[in-house]
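Asks: Residues 84 to 292 in my numbering are what the sequence shown spells out, letter by letter. For each residue, glycine too, the CB sits at the ideal point set by N, CA and C. Predicted, not measured: the structure shown is a model, and the values here were computed from it. The structure follows.
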Amino acid sequence: MLQLDHAFDEVVDAIAERGIGIFPAFLDSSRIEALRRDFAALPSWQLTPAGIGREQAHHTNERIRTDKTRWLEGDSPAQRDYQALMAGLQLQVNRQLFMGLKDYECHYALYQAGDFYKKHLDAFRGRGNRRLTTVVYLNDAWQADDGGELLVYPEKGKEVLHRVRPEAGTLVCFLSEQFPHEVLPARRERLSIAGWFRVDDPVAPTVLL
């Protein structure tokens, strides 16, 4: 637990100082393997083309994103363990940063060769209830020429702030309203868990998924 508390403190410090942090080896090898096995056991029909928009405005658009997703609903020990880990992070963030995070939602995201997600925001300022984005990668031995990097941009400007290789165990965590980002086309299968800590907010009609 002490090791986890230290990891959570590093995330809290990064969010407080810069609004974003990248943490290699956040997930240990046993959790990574358990989540991989959990994903591999899912029937293919449970993976659905990812969409954009919320509620009535939700739709698919292959010009913007081509990945497939499956929400984690606590259906397996691996999913429940991951959700418990994120609950611990939520507790620490609320305790130290007073963000008022209420719950956490997340899904597996599968990018097959050629898949991408164009530049977007996870929440528009003042119009959504997602406050903190997390992405955890589950890809073993990812090489530079495998593509699929996450590019993170500043709130204003076109320069790339961070280029993240999707290596197993790495966590990326950032303020959802502040950092536009995109996923470059992958050249091999790419697996991650994307998630969002949320607050109570009735105004959430146009948030991008």
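Short of 7 Å in beta carbon distance, which residues of its chain neighbour TRP225, apart from the five on each side in sequence? Order them along the chain.
Replies: ARG248, PRO249, GLU250
Asks: Please give me, in chain order, every unbroken run of the alpha helix (DSSP H) with length at least 4 that falls completely inside the stretch 97–175.
Replies: 112–123
Asks: Could you name each continuous beta strand (DSSP E) segment of 3 residues or more that falls completely within the stretch 185–254, going from the start of the chain to the end?
Replies: 186–194, 200–203, 213–220, 233–235, 245–247
Asks: Would you call VAL219 buried or exposed, if buried means 16 or more other Cβ atoms sit within 10 Å of its Cβ?
Replies: With 16 or more other Cβ atoms within 10 Å, it is buried.
Asks: Quick one: Cα of THR131 to Cα of LEU125, how far?
Replies: 12 Å
Asks: Should the stretch 169–181 be called in touch with the stretch 260–271, which here means at least 3 C-beta pairs below 8 Å?
Replies: no
Asks: Going by DSSP, what residue range makes up the beta strand (DSSP E) through ARG273?
Replies: 273–281
Asks: Confirm, please, whether the CB-CB distance from ARG163 to GLY157 is below 8 Å.
Replies: yes
Asks: Taking the C-alpha atoms as reference points, what is the distance between ALA140 and SER259?
Replies: Legend: pLDDT at ALA140 = 38, less than 50; position of this residue unreliable, value from coordinates given subsequently. Rounded to the nearest angstrom, the two C-alpha atoms are 20 Å apart.
Asks: In whole angstroms, what separates the C-alpha of SER112 from that of ASP223?
Replies: 10 Å
Asks: Counting along the chain, where does the beta strand (DSSP E) carrying GLU260 start and finish?
Replies: Run containing GLU260: none; DSSP gives neither H nor E here.
Asks: By DSSP's criteria, ILE269 is part of a beta bridge. Which residues make up the other side?
Replies: As written in the sequence, residue 269 is Ala, which differs from the Ile given in the question. Answer is GLY230, bridged to ALA269.
Asks: Closer than 8 Å by C-beta to GLU238: which residues in its own chain qualify, once you throw out the five before and the five after it? Chain order, please.
Replies: GLN261, PHE262, PRO263, listed in sequence order.
Asks: Rounding to the nearest angstrom, what Cα-Cα distance links PHE106 and GLU100 in this structure?
Replies: 15 Å
Asks: Using CA atoms only, rank isn't needed, just tell me which of GLY211, ASN212, TYR187 is closest to LEU168.
Replies: For the residues GLY211, ASN212, TYR187, the minimum Cα distance to LEU168 belongs to TYR187.
Asks: Out of TYR236, TRP154, PHE280, GLY231, state which residue places its alpha-carbon closest to the alpha-carbon of GLN129.
Replies: TRP154
Asks: According to the neighbour-count rule (16 or more other Cβ atoms, all chains shown, within 10 Å of its Cβ), is GLU232 buried or exposed?
Replies: buried
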